[in-house]
Amino acid sequence: MSAPPYTISNRELAEVQEEIAAAQREGGWLLVNNGEGTRRDAYIWVGGGIPIALVPIPADPVG
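To convert, note that position 32 of the sequence shown is 32 in full-length UniProt numbering; the numbers rise steadily by one, no gaps.
Shown next as structure tokens:
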């Protein structure tokens with residue numbers, strides 16, 4: 001059984017990338033949501049040599 005996906009919402013991609021880059025240089029925690037739907041905070045340790053993938057989901061097109 002795999003863990004639910006981690007999500008980050010209401011933030012710009014560039015902002016998250018900068019936060020991850022800083023954490024990879026110095027080590028640090030990244031606040032994410034554990035799963036989808038109801039918010040459940042989770043903290044992921046980020047440090048040098050730890051791979052992370054970001055998959056941006058575009059906003060729904062209007063009308």
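For each residue, glycine too, the CB sits at the ideal point set by N, CA and C.
A Cβ-Cβ contact shorter than 7 Å links G28 with V46.
When DSSP states are grouped into helix, strand and coil, V32 belongs to the strand group. Excluding its 5 nearest sequence neighbours in each direction, E18 has no C-beta neighbour in its own chain below 8 Å. If the five residues before and after P56 are omitted, its C-beta is found closer than 7 Å to the C-beta atoms of L13, all from its own chain and listed in chain order. Counting every other CB atom within 10 Å of its CB across the protein chains shown gives A23 a total of 16 or more, marking it as buried.
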